[in-house]
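Enquirer:
Protein chains in written order, with this note's numbering: chain A, 7 to 405; chain B, 8 to 401.
Below, the structure is given as structure tokens:
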């Protein structure tokens, strides 16, 4: 039975029983961002300009049994709005390069049992590793380090315990990445990968520190025959309205250290009136896989465990979002974002950025409108904090 | 019915049922296209699915036995016409398998030793992680296949800082030549009974492009010279004096593309190309005429649209039929067949398209008087594909 069919059956089973069901609260939120992006940092060095609807989602959150049980569901519609990916120089993963891949339709389906000292969570969703998902952060463009700093869309079971300012989370999950927007986790691989995350949240400050570790078995080969990843992440996050900031370090070692990738990222935003200027600085290494006839697609899983080389992407991004007066239930926030990217070859290897892109640095410009309705987005990837969280740094005129 | 702050009556079972039932599925809801092999202009006599643990990489077919290298699942031995187990090309029968330490079984050569009459050793290449033009890893394993029902690993050869790729053998002289990527080419004495480590059997090694421009994909012995295809520095002629290697000619002659596999026949050489070098696709088959001294001179290039790699090249035993496998495209990947009526300028005969990303390797075999092409579809939907190509090379 495939996933969507199973979901329909689940809903059908629920409907007759709802009269006897417990009282619950349901919140919803939705988003879509029509975005026009132009850049010359593309294979061949020509300038590309594309309009896509990015990060479209519908999020549902149900709290039941007096908040003793929470269900989270996020549908992501990038399968339809950007089937060939979003133009993002430096983005990579799941068979895409220099385009961000579309996420799976059933992006998140989680049940969370929160309690004062512990929580349990299970379903398809975020692994307790690294920082919040980029979709729930101020910068529109995804960072290069998405596959180093987050692990998502997995069948995951999470247990967490709190003791004062400390929270320790551990998880079991399947190592395989999605292979398409319709993909479901390979359940027969559940438990072949694991993670732990320790978070310190001093009670009198808006500072949050985390360090996490993950062993991910064969992420790029669904059958399980690819090399394993050893991942580390550490970050410091600050959020007290109107200021948000994140400082992040990540390291992934592939195949027992044959390849090691590093990332450092810093980003911040501040709400000022209706404006929310933001910025990001990132230095991230990524693998260069063999490309297909479509130069934005890669041989995936990689053939023979080989890559063409490693590149280091240094990306500086600045932008501003302006939150307009809501139109009924709909909030509009025009966004203008500029990024400048430098590409450098790291070590040996056949990949030559100058030859492939026709340049070693260039500009990326995006104009868009963040259209949202319903509840604000939660901090994606933090099931231990089940309270609805606002998007960082966003000032709310409508509340 | 709902709003961002509204409260509604809902069953708490909603999320639970949806999550548990939906995530219990293991299948992928995407549906694949119709198998393009159904449109093959040549008879597809068999397809054999293999464990999907990274797929099938290369095959060595000899005397009705196919050694199929299936990565972490090891080398799988099939009877494809030997008869001992009732197998045939249209009905391959699995005989046995052997897993090499560390997995990643990539290629093989079944050594028929003319000095002893033995068919005891199978050499297996392991392909570990690497960076093209920089690093590589993986060892050579020696498998005793004197009992095909019970193959067992009996030895190995390891080099620090480099990994092996394709083989060729001088069986008369009992020398194994192994491409070794950044390590160049290695010649190993494999005469007699082999020890558990072949380190002391190494005869010589060479990096034809020097330390900075060597990444050798394959080797082929022809008319007394060893030819090497180097991904970075092109096509080389090497002298070999009982395994002692030295550069003879060639090299630095394919600058615009990465070079891949090679085959020599009829006084000509055919080399493939791989991936993208800069923005130039590896969609070319290079044709080289061999001068009287064996040095190569480029005489033609066959360009195939819609692909990015010519991954394997072979000429039939008759010298009349050229085959190469292709990858990296959309709807144009698979087997390609060319006539060598004029060996300097191959002419297209037909192609057999496979599912993307294509056919990784291909080899000819003559079994019971008919000619077959064996192909490795890899890594998606990994399977062995067997075509009857007798009509192309009667």
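Backbone N, C-alpha and C define an ideal beta-carbon position, used for all residues, glycine too.
1. Residue 59 (chain A) bridges to which residues according to DSSP?
2. Going by the beta-carbon positions, is the gap between residue 192 (chain B) and residue 268 (chain B) smaller than 8 Å?
3. Please check the pair residue 353 (chain B) and residue 294 (chain B), which I expect to be a contact at CB under 8 Å, by giving their CB distance rounded to whole angstroms.
4. Alpha carbons only, please: which of B:366, B:400, B:119 is nearest the one belonging to residue 389 (chain B)?
5. Is the beta carbon of residue 54 (chain B) sitting closer than 8 Å to the one on residue 394 (chain B)?
6. If the cut-off is 9 Å on Cβ atoms, which residues from the segment 323-338 of chain B count as contacting chain A, listed in chain order?
7. Could you please give the first and the last residue of the uninterrupted beta strand (DSSP E) stretch that includes residue 277 (chain B)?
8. Which residue's Cα is closest to the Cα of residue 369 (chain B): B:322, B:84, B:166, B:141?
9. With a cut-off of 8 Å on the beta carbons, I'd call residue 132 (chain B) and residue 113 (chain B) a contact; round off their distance for me.
10. Looking only at its chain, what residues have a beta carbon closer than 8 Å to the beta carbon of residue 152 (chain A), apart from the 5 residues adjacent to it on each side?
11. Grab me the residues of residue 101 (chain B)'s own chain with a C-beta within less than 7 Å of its C-beta, minus the 5 sequence neighbours each way, in chain order.
12. Give the straight-line distance between the Cα atoms of residue 114 (chain A) and residue 129 (chain A), rounded to the nearest whole angstrom.
13. According to the Cβ coordinates, are residue 282 (chain A) and residue 327 (chain A) closer than 8 Å?
14. When the distance is taken between beta carbons, is residue 187 (chain B) closer than 8 Å to residue 172 (chain B)?
15. Please list the terminal residues of the continuous beta strand (DSSP E) segment that includes residue 255 (chain B).
16. Write down the C-beta distance between residue 342 (chain B) and residue 73 (chain B) rounded to the nearest angstrom, noting that I regard them as a contact closer than 8 Å.
17. Cutting at 6 Å between CB atoms, please list the residues of its own chain near residue 180 (chain A), excluding the five before and the five after it.
18. Whose Cβ in chain B lies nearer than 8 Å to the Cβ of residue 265 (chain A)?
19. Name the chain A residues whose beta carbon is nearer than 8 Å to that of residue 133 (chain B)?
20. Run through chain A and tell me which residues come within less than 8 Å of residue 265 (chain B), C-beta to C-beta.
21. Just checking: is the beta-carbon of residue 305 (chain A) within a distance shorter than 8 Å of some beta-carbon in chain B?
22. Measuring only from the beta carbon, is residue 158 (chain A) closer than 7 Å to any heavy atom that is part of the ligand SAH?
23. To the nearest angstrom, how far is the alpha carbon of residue 285 (chain B) from that of residue 298 (chain A)?
24. The segment 48-72 of chain B: which residues have C-beta closer than 9 Å to a C-beta of chain A, in chain order?
25. Less than 8 Å between the beta carbons of residue 145 (chain A) and residue 284 (chain A), yes or no?
26. How should residue 331 (chain B) be labelled, buried or exposed, when 16 other C-beta atoms within 10 angstroms of its C-beta is the threshold for buried?
27. List the residues of chain B whose Cβ lies closer than 9 Å to the Cβ of residue 49 (chain A), in chain order.
28. Are any of the Cβ atoms in chain A nearer than 8 Å to that of residue 19 (chain B)?
29. What are the start and end residues of the beta strand (DSSP E) that includes residue 378 (chain B)?
30. Is the separation between the beta-carbon of residue 201 (chain A) and that of residue 236 (chain A) shorter than 8 Å?
31. By Cβ distance, which residues of its chain are closer than 6 Å to residue 306 (chain A), with the 5 residues on each side in sequence left out?
32. Could you tell me the alpha carbon to alpha carbon distance between residue 139 (chain B) and residue 93 (chain B), rounded to whole angstroms?
33. I'd like to check one pair, residue 383 (chain A) with residue 37 (chain A): are the Cβ atoms closer than 8 Å?
34. Unbroken beta strand (DSSP E) runs of length 3 or more, entirely within the segment 213-246 of chain B: which are they?
35. Between which two residues does the beta strand (DSSP E) carrying residue 172 (chain B) extend?
36. Let's test the definition: count the other Cβ atoms within 10 Å of the Cβ of residue 123 (chain A) and tell me whether it reaches 16, buried, or not, exposed.
Expert: Looking at the atomic coordinates:
1. A:40
2. no
3. 7 Å
4. B:366
5. no
6. 334, 335, 336, 337
7. 275-281
8. B:322
9. 5 Å
10. 97, 99, 106, 140
11. 83, 85
12. 8 Å
13. yes
14. yes
15. 251-257
16. So it is not a contact: roughly 17 Å between Cβ atoms.
17. 160, 161, 191, 192, 195, 196
18. 136, 138
19. What residue 133 (chain B) touches in chain A: nothing, since even the nearest Cβ is about 10 Å away.
20. 356
21. yes
22. Absence of the ligand SAH is noted for the structure shown, with no ligands found whatsoever.
23. 13 Å
24. 58, 59, 60, 61, 62, 64
25. yes
26. buried
27. 283, 286
28. Here the model assigns residue 19 (chain B) a pLDDT of 35, short of 50, so the residue's position is not dependable, and the following value carries that caveat. Chain A contact via Cβ: present.
29. 377-384
30. no
31. 101
32. 42 Å
33. yes
34. 223-229, 232-237
35. Unbroken run through residue 172 (chain B): none, as it is neither H nor E.
36. exposed
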